[in-house]
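Worksheet: one structure, shown below.
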Amino acid sequence: MPVIDFANPTRFLTIVNRVLPWLIAATVVLFAVGLFRAVNAPDDYQQGATVKIMFLHVPAAWLGMFGWGLMSIAALGTLVWRHPLADVAGKAAAPIGAAFTFICLTTGSLWGRPTWGTYWVWDARLTSMLVLLLLYLGVLALYWTAEEPGRGARAAAILSLVGAVNLPIIKFSVDWWNTLHQPASVFRMGGSKIDPALLTPLLIMTLAFTLLFMTLHLAVMRNEILRRRVRSMRLMQAQELAEAT
Amino acid sequence: MNLGPHADFIVAAYAVTVFVVAALVAWVVLDYWAQRRILGDLEERGVTRRSQRKG
Numbered sequence: 168m169p170v171i172d173f174a175n176p177t178r179f180l181t182i183v184n185r186v187l188p189w190l191i192a193a194t195v196v197l198f199a200v201g202l203f204r205a206v207n208a209p210d211d212y213q214q215g216a217t218v219k220i221m222f223l224h225v226p227a228a229w230l231g232m233f234g235w236g237l238m239s240i241a242a243l244g245t246l247v248w249r250h251p252l253a254d255v256a257g258k259a260a261a262p263i264g265a266a267f268t269f270i271c272l273t274t275g276s277l278w279g280r281p282t283w284g285t286y287w288v289w290d291a292r293l294t295s296m297l298v299l300l301l302l303y304l305g306v307l308a309l310y311w312t313a314e315e316p317g318r319g320a321r322a323a324a325i326l327s328l329v330g331a332v333n334l335p336i337i338k339f340s341v342d343w344w345n346t347l348h349q350p351a352s353v354f355r356m357g358g359s360k361i362d363p364a365l366l367t368p369l370l371i372m373t374l375a376f377t378l379l380f381m382t383l384h385l386a387v388m389r390n391e392i393l394r395r396r397v398r399s400m401r402l403m404q405a406q407e408l409a410e411a412t
Numbered sequence: 325m326n327l328g329p330h331a332d333f334i335v336a337a338y339a340v341t342v343f344v345v346a347a348l349v350a351w352v353v354l355d356y357w358a359q360r361r362i363l364g365d366l367e368e369r370g371v372t373r374r375s376q377r378k379g
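Residue numbers (the numbering used here), protein chains in the order written: chain V, 168 to 412; chain G, 325 to 379.
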């Protein structure tokens, strides 16, 4: 089947209905394994048991940024090819990405209090992550308040592309500025600095959260396609009523 | 399992995450049921999309 066939909404729905049960099962299994490994992971020699917060915080941070990356690619599809499924993908990623960014900020804050002695500092990493959450809320506001969905989609796509500038700022903020947040320790040149006893559950939890993101994204896309069908049918119904009177 | 002197922070982090993820899942499931129900109602009343109509 040519790749372009997946972009047909009806065919896309058929594929989603087939794939979703498998994705849900894989997500549940990975979370069961990941949480078991996280609970039984040893304490860190400096952080103690608070290192267990890392198993939530790191995947949430990655998915907050991944969600915006996905929206930026979808924005190109909306603005350049004007494909409706691209807009559906972008719109579906926004609430999920916002939720993971919120989890990242909250868990980071709860980790910061016992480790740094404060819930929040206005350093570059934390502030750029907060900006990401505000950008997500901005995109959601554009989608929810636009009277004409097409106009809202284009405005959200432009904001998605402009906001993508924030992604390298988040990633390299710990290198460019002197921050309280520690530098990259998982994916870095020269390999991870984390002990395998902590790295393995972290990677399993990251994979589990990524599968959860994909599952939710496909499910929200399916809902959005159905919502657009409802809107289209209601418009047809209104048109028929207007012609009959 | 001993979570040490900062157990409250660890439990709170997991609780927030579970709450947010559960809220997301509930929203997705409820929205799916709602859209299916509305589509079913419209189809019962004979409303079809333009693409479903025969030339």
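Ideal Cβ positions, reconstructed from N, Cα and C, are used throughout, including at glycine. Here the structure is a predicted model, which means the values were calculated and not measured.
- Fully contained in the stretch 197-283 of chain V are the following alpha helix (DSSP H) runs of length 4 or more, in chain order: 221-246, 251-283.
- For G/A350, not one C-beta of chain V is nearer than 8 Å to its own C-beta.
- By the Cβ test, the stretch 388-395 of chain V is in contact with the stretch 251-269 of chain V, since at least three Cβ pairs between them sit closer than 8 Å.
- For G/A337, the nearest CB of chain V lies under 8 Å from its own CB, placing it at the interface with that chain.
- Taken atom to atom, the span from the alpha-carbon of V/L309 to that of V/G215 is near 43 Å.
- As the crow flies, the alpha-carbon of G/V349 is around 44 Å from that of V/T412.
- In chain G, no part has a C-beta under 7 Å from the C-beta of V/S340; the shortest such distance is about 22 Å.
- Taking the Cα of V/P209 as reference, the smallest distance to any Cα among V/A409, V/T367, V/Q404 is reached at V/T367.
- About 5 Å separates the beta carbons of V/M372 and V/F222, which is inside the 8 Å limit, making them a contact pair.
- Our two residues, V/V306 and G/N326, have alpha carbons roughly 42 Å apart in a direct line.
- Interface with chain G (8 Å Cβ-Cβ cutoff): V/R249 is excluded.
- With 16 or more other Cβ atoms inside 10 Å of its own Cβ, V/R292 counts as buried.
- By the CB criterion at 8 Å, V/I263 and V/G234 fall inside the cutoff.
- In the structure shown, V/T285 adopts coil according to DSSP, grouped into three states.
- Rounded to whole angstroms, V/A409 and V/L190 show a C-alpha spacing of 45 Å.
- Secondary structure at V/K338: helix, using DSSP grouped into helix, strand and coil.
- The C-beta of V/P281 comes closer than 8 Å to at least one C-beta of chain G.
- Here the stretch 226-245 of chain V lies against the stretch 324-335 of chain V, with 3 or more beta-carbon pairs under 8 Å apart.
- Within the model, the alpha-carbon separation for G/W357 versus V/A386 is close to 12 Å.
- For the stretch 213-243 of chain V, the residues whose beta carbon sits under 8 Å from a beta carbon of chain G are, in order, G215, A216, T217, K219, I220, L223, H224, A227.
- Per DSSP, G/P329 lies in no alpha helix (DSSP H) and is assigned neither H nor E.
- CA-to-CA, the gap between V/N333 and G/G364 works out to about 43 Å.
- For V/G236, the closest of V/A261, V/W278, V/T285 by C-alpha to C-alpha distance is V/A261.
- Within its own chain, the residues whose Cβ lies closer than 7 Å to the Cβ of V/L300, once the five positions on either side in sequence are excluded, are A265, T268, F269, L272, listed in chain order.
- Interface residue (Cβ-Cβ distance to chain G less than 8 Å): V/W343 is not classified as such.
- Within the same chain, and ignoring the five residues on either side of V/F179 in sequence, the residues whose Cβ sits closer than 8 Å to its Cβ are F173, L252, M388, I392.
- The CB of G/G364 never comes closer than 9 Å to any CB in chain V; the least such distance is about 10 Å.
- G/T341 counts as buried, since no fewer than 16 other beta carbons sit within 10 angstroms of its beta carbon.
- If you draw a 10 Å sphere on the C-beta of V/P335, you find fewer than 16 other C-beta atoms in it, and that means exposed.
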